[in-house]
Ligand code: DOR
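In the numbering used here, the protein residues as written are 17 to 487.
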């Protein structure tokens, strides 16, 4: 029997590889009490399937909510070069333990991800070690600006990321002529860390004199963020390029960006939505130090309002680990960054529980949003023919987040000791149950590169993939 026949027979005989039953499933129609049948990593049937379908394996999701796999659109997994802080295995393990099924990884590694061989090295390092699906950003800089169109077309590349202000690592493009060259080479949405380098340099003396991490939002102030955001939007308008502004942190940028939604998409982070100054710096010291900074309550309120208004497209964790020893250096030598990939979903479910956003809006921000704005093939919704990526959660599960739960090589979270309501219970990546009952399910890491619409290698139809996957 050929592989294609075998697939047809499975469909004909209604025999799935995996049947998820009894849960409340978040489909594009809303919350439905239906079952999900998966064959060859795809969703092949939805509905009241119990008794009609048999399966090699079944997962009882009674009392739980079945969400489309959560896509974390910003993580720094530090490999190669900085693996004492994080690596692809531990980073993606943290992802699936936190209910995340796919990640976009950032280019400020060592070496920087600037060329095809750097991207290929990351893809090779992820093969057989990544627990979830993944794509890598290429960095945009003066040295590779003319090559970016080729880079972003490579399989497993999500696109190009630019640091307009120095953060961690050597990636920087603050010169207007370099930014124009970057914008002119490539078609994908350009992702930007928007802080104005000249202003940051001017103001650094403020913090060097004080040695007080509480001054971090004063050094990297609202104007630094707004100036860079306005500048890159002006250049994008000039060059006709689509933009994605990462980790927007100020009320002023949100007001400005709401007028540019035809061209610009917006990310916010769980830490900007959950922590606020000055309280976070008094309580956590440099553990709360991020770029752009966590700011005062009025900014946080504006971010929440923008989530309600629909101006925010995605939530990314900006998982940016450093060791506790590094974080203990006196400010401002202490590096900016905190872990986040594993706590993204628990924190956001807690916000759902508190009534700050609906579960449907969360799905929009963490699954449908990234799939829509980056053109990820086959992901982002629970629908026939889509990848069987499922984040299965207990909306009422109350847990305390602890450092010893964090898989990151850095081993800490700023939320240590925080109680949340809402918790990931099972994580399914392309039909593989990777986390079951809150622990790794004893399978091997089988994460694959994400595929993007319009990229060089198109997705195979289900039958062809099946044929390949059983040889
Ligand atoms: O605080 C940050 N740390 N912000 C960034 O954009 C980079 C990151 C890092 O890589 O540590």
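In this text, a Cβ means the ideal position worked out from N, Cα and C, and glycines have one as well. Remember, it's a predicted structure, so these values are computed and weren't measured experimentally.
Proximity test, residue i beta-carbon vs the ligand DOR heavy atom, cut-off 7 Å
i: residue 336; result: yes
i: residue 182; result: no
i: residue 100; result: no
i: residue 351; result: yes
i: residue 126; result: no
i: residue 155; result: no
i: residue 92; result: yes
i: residue 209; result: yes
i: residue 306; result: yes
i: residue 185; result: yes
Residue span of the alpha helix (DSSP H) that contains residue i, given as start and end
i: residue 11; result: Because the chain in this structure spans residues 17 to 487, residue 11 falls outside the shown range and cannot be described.
i: residue 452; result: That residue, residue 452, is in no alpha helix (DSSP H); its beta strand (DSSP E) goes 448–452.
i: residue 210; result: From DSSP, residue 210 is part of no alpha helix (DSSP H); its letter is neither H nor E.
i: residue 107; result: 104–113
i: residue 394; result: Run containing residue 394: none; DSSP gives neither H nor E here.
i: residue 151; result: Taken as a continuous stretch (DSSP letters only), residue 151 belongs to no alpha helix (DSSP H), being part of the beta strand (DSSP E) at 149–155.
i: residue 252; result: 238–255
i: residue 164; result: 164–168
i: residue 424; result: Taken as a continuous stretch (DSSP letters only), residue 424 belongs to no alpha helix (DSSP H), as it is neither H nor E.
i: residue 138; result: 132–142
Local Cβ density within 10 Å of residue i, reported as buried at 16 or more and exposed below that
i: residue 277; result: exposed
i: residue 484; result: Summary for residue 484: the model assigns pLDDT 32, below 50, so the residue's position carries little reliability; its value from the coordinates is reported in the next sentence. By the neighbour-count rule (16 or more Cβ atoms within 10 Å), residue 484 is not buried but exposed.
i: residue 181; result: buried
i: residue 335; result: buried
i: residue 405; result: buried
i: residue 39; result: buried
i: residue 44; result: exposed
i: residue 395; result: buried
i: residue 380; result: buried
i: residue 23; result: buried
i: residue 224; result: exposed
i: residue 487; result: Legend: pLDDT at residue 487 = 23, less than 50; position of this residue unreliable, no value from coordinates given.
Residue-chain proximity (residue i, chain D), Cβ-Cβ < 8 Å
i: residue 227; result: No chain D appears in the structure shown, which is made up of a single protein chain.
Bridge partners - residue i, DSSP secondary structure assignment
i: residue 346; result: None, per the DSSP bridge assignment.
i: residue 283; result: 330
i: residue 88; result: 119
i: residue 58; result: 55 and 403
i: residue 83; result: 407
i: residue 232; result: Looking at the DSSP assignment, residue 232 forms no beta bridge with any residue, so it has no partner.
i: residue 8; result: Nothing in the structure corresponds to residue 8, since the chain is present only between 17 and 487.
Span of the beta strand (DSSP E), counted from its first residue to its last, around residue i
i: residue 42; result: 40–43
i: residue 173; result: 173–179
i: residue 74; result: 70–76
i: residue 441; result: 435–445
i: residue 408; result: 406–416
i: residue 459; result: Here residue 459 belongs to no beta strand (DSSP E), and DSSP marks it neither H nor E.
i: residue 488; result: Look at the range of the chain in this structure, 17 to 487, and you will see that residue 488 is not part of it.
i: residue 36; result: 31–37
Beta-carbon spacing of residue i, residue j below 8 Å
i: residue 350; j: residue 343; result: yes
i: residue 327; j: residue 282; result: yes
i: residue 422; j: residue 115; result: no
i: residue 240; j: residue 306; result: no
i: residue 259; j: residue 236; result: no
i: residue 450; j: residue 112; result: yes
i: residue 122; j: residue 91; result: yes
i: residue 286; j: residue 363; result: yes
i: residue 294; j: residue 265; result: no
i: residue 117; j: residue 461; result: no
i: residue 3; j: residue 438; result: Residue 3 is absent from the model: the chain starts at 17 and stops at 487.
i: residue 60; j: residue 400; result: yes
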